[in-house]
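Protein chains in written order, with the working numbering: chain Z, 1 to 333; chain W, 334 to 666; chain Y, 667 to 999; chain G, 1000 to 1332. Even for Gly, the Cβ is constructed at its ideal location relative to N, Cα and C. These numbers were taken from a predicted model, which means no experiment stands behind them.
Protein chains: 4
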Amino acid sequence: MSSGATGEQVESVIEKVHSFGLRTHPIYGVQKTVIGIIGDEKTRVVENMQGLPGVESIIPILQPYKFAGREAHPDPTVIDVGGVKIGGVDVAVIAGPCAVESEEQLMEIAPSVKKSGARVLRGGAYKPRTSPYSFQGLGEEALKLLARARDETGLPVITEVTDPRNVELVSTYADILQVGARNMQNFVLLTEVGKSGHPVMLKRGPSATVKDLLLAAEYMIIEGNSDVILCERGITTFETNTRNTLDLSAVPVIKQLSHLPVVVDPSHSTGRSFLVEPMSLAAVAAGADGIMVEVHPDPDSALCDGPQALTLQQFDSMMVKLRAIASIIGRGA
Amino acid sequence: MSSGATGEQVESVIEKVHSFGLRTHPIYGVQKTVIGIIGDEKTRVVENMQGLPGVESIIPILQPYKFAGREAHPDPTVIDVGGVKIGGVDVAVIAGPCAVESEEQLMEIAPSVKKSGARVLRGGAYKPRTSPYSFQGLGEEALKLLARARDETGLPVITEVTDPRNVELVSTYADILQVGARNMQNFVLLTEVGKSGHPVMLKRGPSATVKDLLLAAEYMIIEGNSDVILCERGITTFETNTRNTLDLSAVPVIKQLSHLPVVVDPSHSTGRSFLVEPMSLAAVAAGADGIMVEVHPDPDSALCDGPQALTLQQFDSMMVKLRAIASIIGRGA
Amino acid sequence: MSSGATGEQVESVIEKVHSFGLRTHPIYGVQKTVIGIIGDEKTRVVENMQGLPGVESIIPILQPYKFAGREAHPDPTVIDVGGVKIGGVDVAVIAGPCAVESEEQLMEIAPSVKKSGARVLRGGAYKPRTSPYSFQGLGEEALKLLARARDETGLPVITEVTDPRNVELVSTYADILQVGARNMQNFVLLTEVGKSGHPVMLKRGPSATVKDLLLAAEYMIIEGNSDVILCERGITTFETNTRNTLDLSAVPVIKQLSHLPVVVDPSHSTGRSFLVEPMSLAAVAAGADGIMVEVHPDPDSALCDGPQALTLQQFDSMMVKLRAIASIIGRGA
Amino acid sequence: MSSGATGEQVESVIEKVHSFGLRTHPIYGVQKTVIGIIGDEKTRVVENMQGLPGVESIIPILQPYKFAGREAHPDPTVIDVGGVKIGGVDVAVIAGPCAVESEEQLMEIAPSVKKSGARVLRGGAYKPRTSPYSFQGLGEEALKLLARARDETGLPVITEVTDPRNVELVSTYADILQVGARNMQNFVLLTEVGKSGHPVMLKRGPSATVKDLLLAAEYMIIEGNSDVILCERGITTFETNTRNTLDLSAVPVIKQLSHLPVVVDPSHSTGRSFLVEPMSLAAVAAGADGIMVEVHPDPDSALCDGPQALTLQQFDSMMVKLRAIASIIGRGA
């Protein structure tokens, strides 16, 4: 309650809380009265209290994400995708082109990144782009190429789904569905992906707090899909030397609050290839369960985000250091 | 080019530009060489240049949004919705509940806000909520109630569409489709709304620059829908006293860059009812073409965002001042 | 306490609180225990609790700024500077050049802005500039010119002080000392200005929350100086069309939390002259107690921040509208 | 020039540029004219152009920091402080208490961190605190204790200077002066520290871009002090799980733009002790030249920032991993 709240106002709030079937526990301080509300957080109750006369603020004590949080699920979740474990001892490296451009491109990349140590192949089929004049992806043709690359290399495949009408289609080709940063609060899509039951990687939105991210994961888990991988890919700040600001502290923060695995995307977050290796190594040192890196045989001619792609050689050379760092903190890669 | 770029690197960039059919115009400075590229901006060309050896940065000169920008369309766009003009001399006030809750609620609000001076009725049928445990809206039932309210009051109706599969359905009831802030870069939805040809209000995403907003509008305009109203509704910052930070400077900034009308939402941006009147008046003083305000007969029992709703009386009293301020800058309301 | 906190941990926290001479009031909930601490907030106590085993978070209930806050001082503060009242019924308009450049410049500006309705004359003598290669101000020479302009026009004078060693010197010339945004947490300077007892305008730092701003004011008030004017001048965000993002909602927010007057600077916040009029009018509509505007007879040849300066004619024309808007919300100007 | 600029306007800008003794190089495009200006960037010239009719924007091509930038100084700077090299092959670890509290405290910490591998001892004597009610440091007494600790351990000492009047005093005790984040744009202090010629660590302000940081370093270098160490310590964002958001990408970004050494502070940036180890390891993996860590024998009773302090044991155990990671990227520690 605010400092000037009257006894009557205090009483009226207490009555309102009781009317929702919850118990109260008032504390009468020197300058202020605090009313403890006991029971499960009921969002609407809390929201409505806020407007009552004399109420200064409402402070929730319980985590609002019941299933994504560690409180009700202390053990870490390990997700098995075609034999590759994400969230376990080993750091899972996901690599591939930003966008699938052609069979030649994909078939050059896939075996190469596998040889270098990647465990999952990425490749965009549907590309959400800030400008409508940018390349938007090859669609289902790209999905077919990804499936073929999986057949040849044995690498499970991850690709983004952007349309709730496409979830089924994409699921028939992909091993992991990706929900992109711009769609992190596209709840229609989250619900559809949740219903699909397919393993999913959910990217943090550029202005989403960790709490928002976990609530977005909750949208999918309550549909029955608990195979959710979270991905830190940079947040929007004032700094312009990087596309976004990679928030690596979010990795140990999320691992404390949630049991879900956390992957870092050093490519989209920085937007510049010379930053990908240092940020990948840093991500592993910070405890990430995986990294997702964009590679391209010829970044200068890439149809999408060339400036942030590693060459196949750069990726291979980075993997050597990455494995060494993983081993220091007791992990493989 | 970077300071240390060799003559060879300069030549190689120039050749590459020519290979795209564009002309170059190099400037040889004391320390650096700058290569002017003449021709329409072709996004992919620009992106690819960035990776070439010796290239320091690419600075686009032309606006990337051809149809949303003022350069190619100097006159302001005025959108006519059932006789109400948005973007014209009068400030268009949009009011109504955050969410449609019941027939009684809506039929109490609609005639009241009309009497106070609102020109358009708002009401949420599909509510995107950060938490899956919050009220998600009444769906089609709400759409029907909105249509009934329009029939009774003559106020055109705006409501949010969140699912590309629902665009047609929502269009049969609503006069203006709203694309919410969280969906500003849901390009699948933008495309579908663009195709519908229905007037649309596009809300600025919480981490979207003005440029991003105009590019999102571009997605709809290139589908043939030029009846796009832009809405400033606050951006994400570090300040916690308000839900978001209302960026009122964006109003004159957008009006300089674009011909599209601009509306301000003082309710969602601030999240607190005591801020709605001062921010509404400020929005009109700053040159907004409209405001969108949430009202509720009993905010304390609202199913959604009660703390930011004005009572019907508060709204009426605010409208008196709003009209007076509009008249000072030569507008009606 | 965190969910898994043991009874022993709860006891140990309670004992620790008691050892500081404070009372406790525990609430045992279904999943969590909350320990209310009763007594004045003692910062160090609070900080130390945070590390104890089982403690999840500390949530302060009382405002941490005792003297700047409204809780202990409900009535608004009105500051009288040479007969001009700031924080009273009238909106106080402060105008003048970014930097004092010459006697001619200042003597052309001062009588002109007075005639247009300004009540206080601003002018920079010591200019903190991001780059060491920018014009840094005329120093004491500028102070003398400001004093002369006051003598001729009767307008009290405000100028920035940047060096604790100069507070006395600047105080001999200026009627109001200004502490700039970059120095908002320069506590050495705040303390010195607080000791001077001179009226002061404290500008909000670009990454300061409203709470940080009020705590900075507290630094001066506890030295005995309660004549503190707060100034909103924009915060740092990702938007690049304006130099900073003017946070106009902060005006009513501050007025709710604090009794101190609030002034808005539309010039530095936006950095662009075409935004100054709309943002000035918006600031008055939002309830600001004053605005501070930069004017220059010839902005194109200004030594400092020309792009954001109004011409004398633009300022005069703006004042007409500003007074009209002030009158609508029951104020003069 | 803007799209609608007339030939006359273009001519008039060209003439103005010539009047400053600079050469021009206009490019006449399909829709726009771009005027290249050749010569050293003269800040004031650039600023003044912005206001001319027809001018749309000014885009600087040269780095504005001449001495802090790599363009004019390609080789990395290595700073020698009492035999400890910062910016060389080895990662320099700086450790010690947030604030010097007593002789016992410091004499317990100093030999312990030395044994664990720290090369420099930190300890606050003058503490800038957001609230005036927080502990403000022991002042000169703390400086004497630091000097004594150096004498006993051989570790050079770093401490913050907050007052330009104290630079000489602090310099007589400390080996490295620290300019805190809140004072990064306290140009009066920067100038005084620059004149002192003493090695200095400059912390990035919470809303400072990398460019702002390098310009602040420039203020000291032009006074003749080139022994400047830069420190990334987190920027202000919307995320609330950490005090600030540690921007680790800034490490390789700064090393590309500047020759100065870069140190990371994982304690102040995160504000939480469980994040210090992962962020320290990540900083080294990202290429930092050093880290600065807060340790305390009993964090729960610390007078300042206890929640972010490591115990002596935690620090020792972290150093083992840190050295191993350093060796993987070819460095010692």
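Query	Result
Determine which residues of the stretch 171 to 201 of chain Z have a Cβ less than 7 Å from any Cβ of chain W, and write them out in chain order.	182, 183, 185, 186, 187 and 188
Between residue 1214 of chain G and the rest of its own chain, which residues show a CB-CB distance below 6 Å, the 5 nearest in sequence each way excluded?	1064
Taking a cut of 7 Å between CB atoms, which residues from the stretch 1200 to 1225 of chain G lie near chain Y?	1205, 1206, 1211, 1214, 1217, 1218 and 1221
Excluding the 5 residues preceding and the 5 following residue 222 of chain Z in the sequence, name in chain order all residues of the same chain whose CB lies nearer than 8 Å to its CB.	67 and 194
Could you tell me which residues DSSP pairs with residue 177 of chain Z in its beta bridges?	Z/159 and Z/200
Can you pull the chain G neighbours of residue 730 of chain Y, defined as C-beta to C-beta under 7 Å?	1130
Please classify residue 1239 of chain G: is it buried, with 16 or more other beta-carbons within 10 angstroms of its beta-carbon, or exposed?	exposed
Starting from residue 358 of chain W, follow its DSSP beta bridges and name the residues at the other end.	W/369
For residue 1293 of chain G, which option in G/1084, G/1234, G/1265 and G/1013 has the closest C-alpha, if you only look at C-alpha atoms?	G/1265
Would you report the Cα separation of residue 297 of chain Z and residue 158 of chain Z, rounded to the nearest angstrom?	19 Å
Exposed or buried, residue 163 of chain Z, counting other C-beta atoms within 10 Å across all chains shown (16 or more means buried)?	buried
Suppose you measure from the CA of residue 127 of chain Z to the CA of residue 935 of chain Y; what does that come to, to the nearest Å?	36 Å
Check each candidate in G/1180, G/1105 and G/1159 and name the one with the smallest Cα separation from residue 1150 of chain G.	G/1105
Quick one: any contact between the stretch 15 to 35 of chain Z and the stretch 720 to 730 of chain Y, if contact means 3 or more CB pairs under 8 Å?	yes
Are residue 538 of chain W and residue 507 of chain W close, meaning C-beta to C-beta below 7 Å?	no
Of the choices G/1101, G/1249 and G/1198, whose alpha-carbon is the least far from that of residue 1141 of chain G?	G/1101
If you reduce the DSSP assignment to three classes, tell me which class residue 912 of chain Y lands in.	coil
Answer yes or no: does any C-beta atom of chain W fall closer than 7 Å to that of residue 945 of chain Y?	yes
Residue 3 of chain Z CB to nearest chain Y CB: under 7 Å?	yes
Tell me the start and end of each unbroken alpha helix (DSSP H) in the stretch 886 to 945 of chain Y that is at least 4 residues and wholly inside, in chain order.	916 to 923 and 932 to 936
Look up residue 425 of chain W in the DSSP assignment and say whether it is helix, strand or coil.	strand
Alpha carbon to alpha carbon, how far is residue 753 of chain Y from residue 927 of chain Y? Give it in angstroms, no decimals.	5 Å
Please decide whether residue 328 of chain Z counts as near chain G, where near means a Cβ-Cβ distance under 7 Å.	yes
For residue 433 of chain W and chain G, any beta-carbon pair shorter than 7 Å?	no
Mapping the DSSP letters down to three states, classify residue 285 of chain Z as helix, strand or coil.	helix
So, is the C-beta of residue 385 of chain W closer than 7 Å to a C-beta in chain Z?	yes
Identify which residue in W/522, W/482 and W/453 has its Cα closest to the Cα of residue 501 of chain W.	W/522
So residue 119 of chain Z and residue 155 of chain Z are supposed to be a Cβ contact under 8 Å. How far apart are they, rounded?	7 Å
Near residue 300 of chain Z, what residues of its chain come up, given a Cβ to Cβ distance below 7 Å and the 5 sequence neighbours on each side ignored?	306
In chain order, what residues of the stretch 254 to 276 of chain Z put their CB closer than 7 Å to some CB of chain W?	none
Can you give the Cα-Cα distance for residue 1076 of chain G and residue 1258 of chain G, rounded to whole angstroms?	6 Å
Output yes or no for whether 7 Å exceeds the beta carbon distance between residue 1284 of chain G and residue 281 of chain Z.	yes
Is there a Cβ of chain G sitting closer than 7 Å to that of residue 77 of chain Z, yes or no?	no
Am I right that residue 941 of chain Y and residue 920 of chain Y are in contact with their C-beta atoms under 8 Å? What's the rounded C-beta distance?	Rounded, the Cβ-Cβ distance is 22 Å, inconsistent with contact.
What residues in its chain sit with their C-beta under 8 Å from that of residue 590 of chain W, if we drop five residues either side in the sequence?	396, 402, 403, 543 and 547
Between residue 575 of chain W and chain Y, is there a C-beta pair that is closer than 7 Å?	yes
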